[in-house]
Amino acid sequence: MQLAHLERGQSAVVTRVTGVGAFRRRLLELGLVPGTRITRTWRAGLGDPIAYEVRGVVLCLRHDEALTVEIEPPTERLAAK
Amino acid sequence: MSDGVTRKVALLGNPNTGKSTLFNALTGALARVGNYTGTTVERMSQRWELPSGDVELVDVPGTWSLAARSPEERVAIDALLGLRGEAPPVAVIVVGDATRLHRSLYLLLQVLELELPVVFAVNLLDEARRQERVPDIEALAEELGVEVVGITARAGEGLDQLGPAVERAIAAPLPAGRIAFSPRLEQAVSEVAAVLPSELAQPGSRRGRALALWLLLSVDGPDALTDLAFPRSVVDKARAAFLAEGGDLDAEIVGARYAWIDARDHRFYGARTETDSGTSAKLDRVLLNPVLGTGLFLGLMGTLFWALFSWSDPAIGAVESVFELIGGVVENGFTAAEAAVPSLAGPIDIFGDLIVQGVIGGVGGVLVFLPQIALLFTFLAVLEDCGYLARAAHLMDRLLRAAGLPGQAFVPLISGYACAVPAVLATRTLPRFRDRLLTMLVVPLTSCSARLPVYTLLIGALFPAAIDGFPLPVRPVALLGMYLLSTAVTVIAAIVLGRTMMPETATPNVLELPPYRVPHLPTVWRLVVARSGDFVREAGQVILVATIVLWALLSFPRYEPADVLSPEVIVEATAAGEDLEALAAPVALERSYAGRFGKLIEPAIAPLGYDWKIGIGLIGSFAAREVFVSTMGVVYGIADADEESVDLRETMRRETHADGSRVWTPLTGVSLMVFFAFAMQCLSTLAVLKRESGGWKWPGFAFVYMSVLAWGSAFLVYQGGLLLGFS
Chain A
1 MQLAHLERGQ SAVVTRVTGV GAFRRRLLEL GLVPGTRITR TWRAGLGDPI
51 AYEVRGVVLC LRHDEALTVE IEPPTERLAA K
Chain B
1001 MSDGVTRKVA LLGNPNTGKS TLFNALTGAL ARVGNYTGTT VERMSQRWEL
1051 PSGDVELVDV PGTWSLAARS PEERVAIDAL LGLRGEAPPV AVIVVGDATR
1101 LHRSLYLLLQ VLELELPVVF AVNLLDEARR QERVPDIEAL AEELGVEVVG
1151 ITARAGEGLD QLGPAVERAI AAPLPAGRIA FSPRLEQAVS EVAAVLPSEL
1201 AQPGSRRGRA LALWLLLSVD GPDALTDLAF PRSVVDKARA AFLAEGGDLD
1251 AEIVGARYAW IDARDHRFYG ARTETDSGTS AKLDRVLLNP VLGTGLFLGL
1301 MGTLFWALFS WSDPAIGAVE SVFELIGGVV ENGFTAAEAA VPSLAGPIDI
1351 FGDLIVQGVI GGVGGVLVFL PQIALLFTFL AVLEDCGYLA RAAHLMDRLL
1401 RAAGLPGQAF VPLISGYACA VPAVLATRTL PRFRDRLLTM LVVPLTSCSA
1451 RLPVYTLLIG ALFPAAIDGF PLPVRPVALL GMYLLSTAVT VIAAIVLGRT
1501 MMPETATPNV LELPPYRVPH LPTVWRLVVA RSGDFVREAG QVILVATIVL
1551 WALLSFPRYE PADVLSPEVI VEATAAGEDL EALAAPVALE RSYAGRFGKL
1601 IEPAIAPLGY DWKIGIGLIG SFAAREVFVS TMGVVYGIAD ADEESVDLRE
1651 TMRRETHADG SRVWTPLTGV SLMVFFAFAM QCLSTLAVLK RESGGWKWPG
1701 FAFVYMSVLA WGSAFLVYQG GLLLGFS
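Quick look at the structure:
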């Protein structure tokens, strides 16, 4: 499953970043290494990009960018804050 | 500083960690703003007093990592390693955000590998206390092996400990990297380190190891670090060998660092888990709401635009009045001098004109931009400091992506409708040079306020108020049409230039939404003053010189009324009490260099429907587009004409070509408005383009492409209109 398919408020664990080159390296350096928990926030915007929270930081990823992040399917659903 | 060598201390940190606030709090004086050598990246520095003497504190642009290739990101590693002609710093202060230390630690771990004295300043302790997430400073110092100081920069907390900590760090043994990599990776690292040129790193040094690691992580693909002499093939080979064995170099290096951090998180923070910072998340539910958030955004941008367009008017008027006043006083002085020394009246007159019209007019022409620039910089600094600018970019990203631009380009583009000069300066908020350049190349196409007087004059003089069968008032519709045209062409130009000349670079653009914070006004104020001063110094020189050159073109060779008017006319006019200078002005202008040039280019502009008189107006308009109106006033012998002048409009309507046909037809008007919409008739914009793009290449390109676009469009409009039977 990819990060782009996470629903609002859902949280999951990163398993792999599949992109290439500098962009993949940047995602890794932002802390999206395997085993890291990432949450799709409730911040809406206009649908694209989407705001995710990882390691206390809120990042905006475009849809095609969020497709390059593989995650474990989420097991819990967080309540709206 | 007395020995001519300045000791430098670098201030490094992730974006949005309060680094600039700390910089201002430590130095307490206006920062010196400049550029890093060979780049357009802003470099801020200021003197900082340490117990052992003064150092130069350099505010390195915020960065997430040292592994980077683009010019803007290279600055961080260059500043730390002393590349690009900069001396290496004697110490580095890494600023971290106490509430979210992971990424600060990631950067810090890289700095530790560079063999530099390091102090870790854990900032925003006040926020951490509110969130009950205060990191354990002693545990950090123990694990990292460097000086760690907890601070709250905006409140001044802990700042007195930073200086002594830097002194202790300089005196202490150098810190060491904390991470052990796999034997396979260490093998690749030593292969690269072994072949590094000695001016970059001594063989076997830890700095060599760090640089090799940096090269391995930073260099791949077609991008080249062309200005850094290193054996690229060895790096490529080591990377390839690593990959061939099934290794994942990037993931291993980055993963090892984060593994180190994750393993110690419980020591730094205790057992508490991370939460999406509450207040910011709640605010974003509103501010990023598709309806409410978008509405608020549009309201804010409308306010910004209106502020630039109209709030700055009184200040602009004041600047103009002051310089008119000074000019008048000085002119009177010269007139008195001419009367006192009749034998030197001629030279004194010329010198007086140079001072009054060239120098004083030129300085006024620079300072007249300051109200808008200061206003826009203030707006930007406040919005950036409080975290909203990132939200605006987030909202606009999708829309602007269609034009090949990031969301951050919205503010410069909207500002362009007021004035391109501050708008070009506002591109500094864009993180990537490619995006900055593309934005500043299309911003001059947005319909700035200086075009408005020209449109007003032409529409008022040449367009009827109503046309039979057309239900709407013609003149407002024509004006609106010009704004729509300008917007459409700006977008098209961004798409075309972006696709053809500026392909997406490999530098990724990941937007962060920082927590909302109350802006720190002293920091905002100092930044605005420093940047405004930088504009006056850098762009001001060019504008001043250009103004004097243009004045000379329009004023030389000089003619006295007696040279160009017949004796009978002079007698008559004197008797009637008319101003001889004003009467002579049209002839003097015609015979000036600008007038001759206007005639020279007539064949080139005739196909657009213009005669040489309009040509002179076009030349005059390079000082600023609205000067077209007053120049046409002089050409037609109408004193003090503005865009509402009835005399000027009527004279224009009466003006005929040699064959008796009218010069000014509605079609000429449309052609000329299209020309003004697209042409780069603004020396001040060229001057700031030079400042912001780092040379004359890009302003030159902008001038050429916009001139071609303007001429071609006006040609199509005029000739096409004639073919269709319009006049």
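Chains as they are written, first to last, in this note's numbering: chain A, 1 to 81; chain B, 1001 to 1727.
Beta carbons: idealized from backbone N, C-alpha and C, even for Gly.
- Under the three-state reduction of DSSP, residue 1658(B) is assigned to coil, being neither helix nor strand.
- Counting along the chain, the unbroken beta strand (DSSP E) around residue 1120(B) starts and ends at 1118 to 1123.
- When the alpha-carbon of residue 1375(B) is set against those of 1450(B), 1352(B) and 1528(B), the nearest one is in 1528(B).
- By the CB criterion at 8 Å, residue 1146(B) and residue 1175(B) fall inside the cutoff.
- With the criterion set as a beta carbon lying under 7 Å from some beta carbon of chain B, the region 2 to 18 of chain A has no members that meet it.
- The alpha carbon of residue 1717(B) has as its nearest neighbour, out of 1671(B), 1628(B), 1645(B) and 1569(B), the alpha carbon of 1671(B).
- In this structure, the straight-line span from the alpha carbon of residue 1657(B) to that of residue 1708(B) is close to 26 Å.
- Among the residues of chain B, none has a CB under 8 Å from the CB of residue 66(A); the nearest is roughly 11 Å distant.
- In this structure, the CA atom of residue 1137(B) is about 8 Å from the CA atom of residue 1122(B).
- Chain A places a beta carbon closer than 8 Å to that of residue 1067(B), counting this residue as a contact.
- When DSSP states are grouped into helix, strand and coil, residue 1317(B) belongs to the helix group.
- The beta-bridge partner set that DSSP reports for residue 1010(B) consists of 1058(B) and 1092(B).
- Per DSSP, residue 1150(B) is not a residue of any alpha helix (DSSP H); the beta strand (DSSP E) it occupies stretches across 1147 to 1150.
- In the displayed model, residue 1077(B) falls within a helix according to three-state DSSP.
- Under the 10 Å beta carbon count, residue 1025(B) is surrounded by 16 or more other beta carbons and is classified as buried.
- Closest option to residue 1309(B), judged by alpha-carbon separation, among 1089(B), 1050(B) and 1416(B): 1416(B).
- Contact between residue 1104(B) and residue 1094(B) holds: CB atoms are separated by about 7 Å, below the 8 Å threshold.
- Within 9 Å of the CB of residue 1123(B), no CB atom of chain A is found; the nearest one sits about 14 Å away.
- Excluding five sequence positions before and after residue 1613(B), the CB atoms of its chain that fall closer than 6 Å to its own CB belong to 1635, given in chain order.
- Residue range 1042 to 1050 is occupied by the beta strand (DSSP E) that includes residue 1048(B).
- Per DSSP, reduced to three states, the secondary structure at residue 1462(B) is helical.
- Taking a 10 Å sphere around the C-beta of residue 1482(B), we find 16 or more other C-beta atoms and assign the residue as buried.
- Identification of residues in the region 1452 to 1469 of chain B having a C-beta nearer than 7 Å to some C-beta of chain A yields an empty set.
- Between residue 32(A) and residue 38(A) a beta carbon distance of about 7 Å is seen, short of the 8 Å cut, so the two are scored as contacting.
- Proximity of chain B to residue 43(A) at the Cβ level (cut-off 8 Å) is accounted for by 1281, 1284, 1285, 1288 and 1513, in chain order.
- Using beta-carbon distances, residue 72(A) does not count as an interface residue toward chain B, since no partner is under 8 Å.
- One alpha carbon belongs to residue 1637(B), the other to residue 1520(B), and they sit about 54 Å apart.
- According to DSSP, residue 39(A) shares a beta bridge with 11(A) and 53(A).
- Spatial neighbours of residue 1031(B) in its own chain (CB-CB distance under 6 Å, excluding positions within 5 residues in sequence) are listed in chain order as 1044, 1046 and 1530.
- The C-beta distance from residue 1492(B) to residue 1478(B) rounds to 21 Å, too long to fall under 8 Å, and the pair is not in contact.
- Under the three-state reduction of DSSP output, residue 1432(B) falls in the coil class, being neither helix nor strand.
- Going by C-alpha positions, residue 60(A) is about 37 Å away from residue 1163(B).
- Not a single C-beta of chain B is nearer than 8 Å to the C-beta of residue 40(A).
- In this structure, the beta-carbon distance from residue 1172(B) to residue 1242(B) does not fall below 8 Å.
- When DSSP reads this structure, residue 1097(B) sits in a beta bridge with 1123(B).
- For residue 17(A), the CB contacts under 7 Å within the same chain, skipping 5 residues up- and downstream, are 24, 27, 28, 32, 68 and 69 in chain order.
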